[in-house]
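So for the sequence shown, my numbering puts the first residue at 10; every next one is plus one.
Taking it in order: structure first as structure tokens, then the write-up.
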Amino acid sequence: MTRKYAPHATVGMHLTCWDWQGNTQACAKDYAILGAQNADFLVADVSDRDAGWYAEPAHGSRDMFWTDQKAAAELGVWKTMAESVGKPVVLWQIPVGNMAQNNTLNHYQDDKVDCLFAHMDQVANAHIADLLFGAGQQEL
């Protein structure tokens, strides 16, 4: 549709491989079948909330902070997908929190900005073409 109705627009295909840790190659095959090679880029979201928000007991006490190993795993998946499909990846929903925050409403900690900027060589090697930051889900 994009090529027909908006021929000068670029279009990305969102990556939604929920089982990527155990089956990245199958995900890559699925995206080839879906025609991802016809998109201009792939789009992957990092997180819809800061890691400190997820760490709160009221939000599941989940550890969403990145270690070097977690970051390398994420970048590895995006690299595999980019190379399999032949398209760069745009990362969006990168939380803007930082580790100096106090984990109160709209001031949650997160380490992804620092992690990505500390590993820009790995980001570039994973064929990441753009980093898009945002506050994510808002609480009222």
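The beta carbon of each residue, even a glycine, is placed where N, CA and C say it ideally should be.
Reference residue i; option with closest CA among the options
i	options	result
R58	F74, D49, A48	F74
Q102	L24, Q46, D39	L24
L43	T76, K13, S93	S93
A138	P97, A144, A80, K79	P97
M90	W27, L141, A135, L140	A135
L100	F50, A45, L114, A41	F50
A81	Q110, L125, A45	L125
In DSSP terms, what residue i is bridged to
i	result
I137	V98
M22	L51
T113	H116
C104	Per the sequence shown, residue 104 should be read as Pro rather than Cys. BP columns for P104 point to G143.
Buried versus exposed, by CB contacts within 10 Å (16 or more), residue i
i	result
G61	buried
P104	buried
E83	buried
M129	exposed
Y14	exposed
G95	exposed
G143	exposed
A48	buried
A109	exposed
A41	exposed
A127	exposed
W87	buried
*asked:* Taking contact to mean 3 or more Cβ pairs, one atom from each stretch, closer than 8 Å, check whether the stretch 56 to 66 and the stretch 17 to 27 are in contact.
replied: No: fewer than three Cβ pairs fall under 8 Å.
*asked:* What ranges does the alpha helix (DSSP H) occupy inside the stretch 44 to 95, keeping only unbroken runs of at least 4 residues that lie completely in it?
replied: Correct list: 60 to 64, 77 to 94.
*asked:* With three or more C-beta pairs closer than 8 Å as the rule, is the stretch 30 to 47 touching the stretch 115 to 125?
replied: In short, these stretches do not touch, since the Cβ pair count stays below three.
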